[in-house]
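In what follows, a structure is listed as structure tokens, so that the remarks can point back to it.
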Amino acid sequence: METIVLVTGANRGIGLEVGRQLAEQGALVLLSGRNLEATNLAAAAIAKEGYLVEALQLDVTQPKQIDLAASELETRFGKLDILVNNAAVYLDEGSSIFEVSSGTFQDTLATNLVGPLILTRRMLPLLKRSQAGRIVNVSSGMGALHDMRGREAAYRVSKTGLNALTRIMASELQASGIKVNAICPGWVRTDMGGSNAPRNVVQGALGIVWAATLPADGPTGGFFRDGEALDW
Ligand code: NAP
Numbered sequence: 001m002e003t004i005v006l007v008t009g010a011n012r013g014i015g016l017e018v019g020r021q022l023a024e025q026g027a028l029v030l031l032s033g034r035n036l037e038a039t040n041l042a043a044a045a046i047a048k049e050g051y052l053v054e055a056l057q058l059d060v061t062q063p064k065q066i067d068l069a070a071s072e073l074e075t076r077f078g079k080l081d082i083l084v085n086n087a088a089v090y091l092d093e094g095s096s097i098f099e100v101s102s103g104t105f106q107d108t109l110a111t112n113l114v115g116p117l118i119l120t121r122r123m124l125p126l127l128k129r130s131q132a133g134r135i136v137n138v139s140s141g142m143g144a145l146h147d148m149r150g151r152e153a154a155y156r157v158s159k160t161g162l163n164a165l166t167r168i169m170a171s172e173l174q175a176s177g178i179k180v181n182a183i184c185p186g187w188v189r190t191d192m193g194g195s196n197a198p199r200n201v202v203q204g205a206l207g208i209v210w211a212a213t214l215p216a217d218g219p220t221g222g223f224f225r226d227g228e229a230l231d232w
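My numbering applies: residue 1 is where the sequence shown begins, and numbers increase by one.
Okay, structure coming up:
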């Protein structure tokens, strides 16, 4: 059976390009998004190029949708090979930690941190049935403690937390052969990154695809950009 991939937040931006690159490698890619119409359009555009891509509705903050997605994967494929936790929000751009509302803080953590935790946990039995299970947590240099600065506290803390989840999961999954890594795509021109970013989505997606397709002797529990280790 082909490699089965699930990418979250894949109706636009880096997630969409990650899906495209993995489909180009021959995988069956489930592009997931919270807006089914937008996700259908994105999937149709790649499918038209002749690749195996499907749309799946999945809001990572909605446990019921996570359950439905897992049930569908179980029924149709009985496994999941690659999970890319890409979906994220950047709600407090430019805000001081002393100004950001508790609602914004909680919404950010719900999408960027708790969502990946709940989704990964639910998908784990399926990942364990893969010959080469890979979990990629799309993180950011803004979550690196060694370079922590002011502003954007909610987003930064969500990515620092995601980095911690990465290490904890990798440690607990060491014996299973499933690899878990946190990847910073660099500063990329997307709705989130803005038009001044130096990288395009193709460049941003490459390091994520690298982590998604690591060989058996590849690293786990690391933080990387462009396949190079970053300081936490
Ligand atoms: P983007 O263009 O803003 O896309 C974000 C995606 O996440 C969209 O598809 C969005 O869906 C989805 N999303 C948001 N909340 C969701 C939810 N609750 N459930 C499911 N999907 C949800 O951002 P991007 O630049 O491609 O970012 C992708 C990843 O790279 C993120 O993890 C981001 O933190 C990381 N990153 C980006 C940069 C950069 O410079 N761009 C730098 C470092 C790290 P909707 O269309 O429905 O909103």
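C-beta: ideal position from N, C-alpha, C; glycine also.
Everything numeric in this text was worked out from a predicted model, so none of it was measured.
| field | Same chain, Cβ closer than 8 Å to residue 70, neighbours up to 5 away in sequence not counted | value | 122, 123 and 126
| task | Measure the Cβ-Cβ separation of residue 219 and residue 205 and say whether it is below 8 Å. | result | no
| So what does residue 199 bridge to, in DSSP terms? | 188
| residue 65 lies in the alpha helix (DSSP H); which residues open and close that run? | 63-76
| field | The alpha helix (DSSP H) enclosing residue 57, as first and last residue numbers | value | Premise fails: residue 57 lies in the beta strand (DSSP E), 53-57, not in any alpha helix (DSSP H).
| message | Could you tell me the alpha carbon to alpha carbon distance between residue 19 and residue 29, rounded to whole angstroms? | response | 6 Å
| task | With DSSP as the reference, please indicate the residues paired to residue 33 in a beta bridge. | result | 57
| query | Roughly how many whole angstroms lie between the Cα atoms of residue 54 and residue 76? | reply | 13 Å
| Selected residue, minimal CA-CA separation from residue 46, among 99, 217, 156 and 24 | 24
| Which residue from 158, 202, 21 and 179 puts its Cα closest to that of residue 107? | 158
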